[in-house]
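Residue numbers (our numbering), protein chains in the order written: chain Z, 1 to 371; chain X, 1001 to 1352.
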């Protein structure tokens, strides 16, 4: 796969430009040094220091929107890169055995270090041709069904599952709707919640809504530092709430979609740091970090008895997003059999129906809270 | 029939109501008695939560539960106004705190758990509390061993709660997985419109999926699709009839026949013995799964279970025979939850 390498200067984001220019200068100097056999170390060193300083400066104050753009960076490592760099003995398994082979999702046997596993990953493609075939990482229902089929296969033979998430979202098209995009995603979510093998997911770039979650229900969710995970694309959100997709920058901030925000909200388990300057600056280093982290998690999860693994995953999603207040409110409501507190001052008017209801069976005791 | 998008002014309010589809003017009172369906063109108008209770539940049988769970602005979200403000305004208008109402009811005399979504409440969007209430409804159906009926209407996951909303898809589906494993019945009714994260989670994961005529049902909204593919959408695209034709739903049911259909479905999907649909405790389910997959893990549990079984021997054996008739492939799991059924509460206490 000799993909044409995109030009680093051309693909540089606006806020990266000064760095890329410096890097070019450093590169030129080094080339010159090689050609002329002159010692230019003293010339190069300050430039490098300047670059590092700039990098630190820029990367320590990235806005959420800048992070979204990093997650979509044309040079950012994608599934193909991870497959080439860290996965070995890969055997791709095609097709949903019903309709088609969706190129937007890769499913394959793969070995990571000493672990054989099932790899399920969004695929965006490197070349224009690949990108077209993969719909820029937007999967169709057959992609999700293929993923489920292979995950079931992994379950049957006790292979842990690793999913790499990188999609702008599930494909919104006529065929996708006709073939049940929604129920394909829902089915995956439901089935993944009870897979009897460890499932580890890592958001490596874009975590676009249901399309991401469709292969993202797991025991351990990792996210790269400059990846994002959102309920809707910032552009989509801006178009709906601000009636103007140019407000994407604002929406990106409001949606709290950066890795650190998600960590704070308790939605991701682990933020995987990227090299200074982002994953696209050092594919290998990023990939190795991802590999090591996934491996150590697989080993931890393997130690859990199956019943614990399953109940842990269930609990993880049972509690997900529940703030302390809600947990408390549910507990209290449960204790009252779900009924509103006696003094009905605050009770909404619609609930008067309930006062007359005799339908409810008497409930001696409540199940201890699942939360 | 011309397909008409939902508009606020389409909702019946005054003495007279115009059909948003054919323009027919009707006496509102008559209209309500006719399930808010236009007698001329049979357009199904948007019904309120209270209307739905009347349409589906036996008179005075609905008891609304978990009314006081209140959404919070966890993200400090602000577009034109803050999410908190928006919530307060919406709640005041809707006279409810969230976009879903859950409770217990009877349908044709059968106990059910009923959930009703309200599209007028921020587009029926699913945030944390909606996800929580749907999950509680699923768990109630599981614990009580009664069918779950969800009347769905939603624009999808709620943007104002960000990825917290997204994860509610997983929360509700994980709960449904358990209801399904326990053999519980879940029927969903997709009304206009049901799209996005709700369609891509609990709405389509029912044992039986019914839809209202003309209801817009899909993953992506039609405008998003149009903007993506830059083509005109086919006639009737994403409407219930379109989905039925493409094999995505079980049946389209007019509103006047809905309650009857629900009841008749429940008659078919009804255990021979009322004790059949035993409430199953979560822990027992896990034990069941651990045994069938992994001999060593389940062993301890198995011993416990067999002890229980000895106690309830006769009854369990009878029920097992019934299960056999039904020919469920996962008899092992069933068997497990079976003996757990009635003893659940006692054993729970013991474990404590």
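Idealized CB from N, CA, C, for every residue including glycine. Keep in mind the model is a prediction, meaning the values are calculated, not measured.
At a C-beta separation below 8 Å, residue 224/Z has no neighbours in chain X, since its nearest C-beta there lies roughly 15 Å away. Setting aside the 5 residues that flank it on each side, residue 1133/X is surrounded in the same chain by 1066, 1069, 1098, 1100, 1102, each with a C-beta closer than 7 Å to its C-beta; the list follows chain order. The residue from 279/Z, 247/Z, 230/Z, 199/Z with its alpha-carbon nearest to that of residue 312/Z is 199/Z.
Legend: CB atoms of the region 298–330 of chain Z lying less than 7 Å from CB atoms of chain X belong to residues 305, 306, 307, 310, 311, 314, 317, 318, 320, 321, 322, 323, 325, 326, 329, 330. The count of Cβ pairs closer than 8 Å, one atom from the region 1108–1118 of chain X and one from the region 282–297 of chain Z, stays below three, leaving the stretches out of contact. For residue 1128/X, the closest Cβ of chain Z is nearer than 9 Å. When rounded, the separation of the alpha-carbon atoms in residue 1214/X and residue 230/Z is 31 Å.
Under the Cβ distance rule, residue 1089/X does not count among the residues neighbouring chain Z, no pair being separated by less than 9 Å.
Taken in chain order, the members of the region 254–267 of chain Z whose beta-carbon sits within less than 7 Å of a beta-carbon on chain X are 254, 255, 256, 257, 262, 265, 267. Judged by DSSP secondary structure, residue 1016/X falls within the beta strand (DSSP E) whose first and last residues are 1016–1018. CA-CA distance, residue 89/Z to residue 1053/X, rounds to 58 Å. When C-alpha distances from residue 1128/X are compared across 265/Z, 167/Z, 161/Z, the shortest belongs to 265/Z. Within the region 186–250 of chain Z, the runs of beta strand (DSSP E) that reach at least 3 residues and sit entirely inside it are, in chain order, 199–208, 220–224, 228–230. If you compare the alpha carbons of 1074/X, 1039/X, 1125/X with that of residue 1156/X, the shortest gap goes to 1125/X. If you check the CB distance, residue 1189/X and residue 1253/X come in under 9 Å. Between the region 173–183 of chain Z and the region 106–114 of chain Z there are fewer than three inter-stretch CB-CB distances shorter than 8 Å, so the stretches are not counted as touching. Taking C-beta separations shorter than 8 Å and ignoring five residues to either side along the sequence, the partners of residue 283/Z in its chain run 77, 81, 85, following chain order. Using a C-beta cut-off of 8 Å, the region 27–47 of chain Z makes no contact with the region 236–248 of chain Z, since fewer than three inter-stretch Cβ pairs fall below that distance. Inclusion of residue 161/Z and residue 154/Z in the CB contact set at 9 Å is warranted, their separation being smaller than that value.
Taking CB atoms only, residue 65/Z has no neighbour in chain X less than 9 Å away. Among the residues facing chain X, residue 237/Z is included, as its CB has a counterpart in that chain under 9 Å away. By the 16-neighbour rule on beta-carbons within 10 angstroms, residue 1255/X is buried. Contact with chain Z is absent for residue 1215/X, since none of that chain's Cβ atoms lies less than 9 Å from the residue's Cβ. Interface annotation for the region 103–129 of chain Z against chain X: empty, criterion Cβ-Cβ distance under 8 Å. With a beta-carbon spacing of about 16 Å, residue 125/Z and residue 165/Z fall beyond the 8 Å limit used to define contacts.
By the rule that beta-carbons nearer than 9 Å mark a contact, residue 1175/X touches chain Z. Distance from the Cα of residue 79/Z is smallest, within the candidate group 22/Z, 332/Z, 123/Z, for 123/Z.
Interface annotation for the region 172–189 of chain Z against chain X: 172, 173, 174, 176, 177, 178, 179, 180, 181, 182, 183, 185, 186, 187, 189, criterion Cβ-Cβ distance under 8 Å. The Cβ atoms of residue 215/Z and residue 163/Z lie closer than 9 Å to each other. Comparing alpha carbon positions, the residue from 304/Z, 281/Z, 270/Z, 307/Z closest to residue 292/Z is 270/Z. Our two residues, residue 96/Z and residue 137/Z, have alpha carbons roughly 17 Å apart in a direct line.
From the beta-carbon of residue 341/Z, the residues of chain X found nearer than 9 Å are 1068. Taking the C-beta atoms as reference points, residue 1172/X is found no nearer than 9 Å to residue 1140/X.
The CB of residue 232/Z comes closer than 7 Å to the CB of 1159 in chain X, given here in chain order. Taking CB atoms only, residue 240/Z has a neighbour in chain X less than 9 Å away. Exposed is the label assigned to residue 1268/X, since fewer than 16 other Cβ atoms lie within 10 Å of its Cβ.
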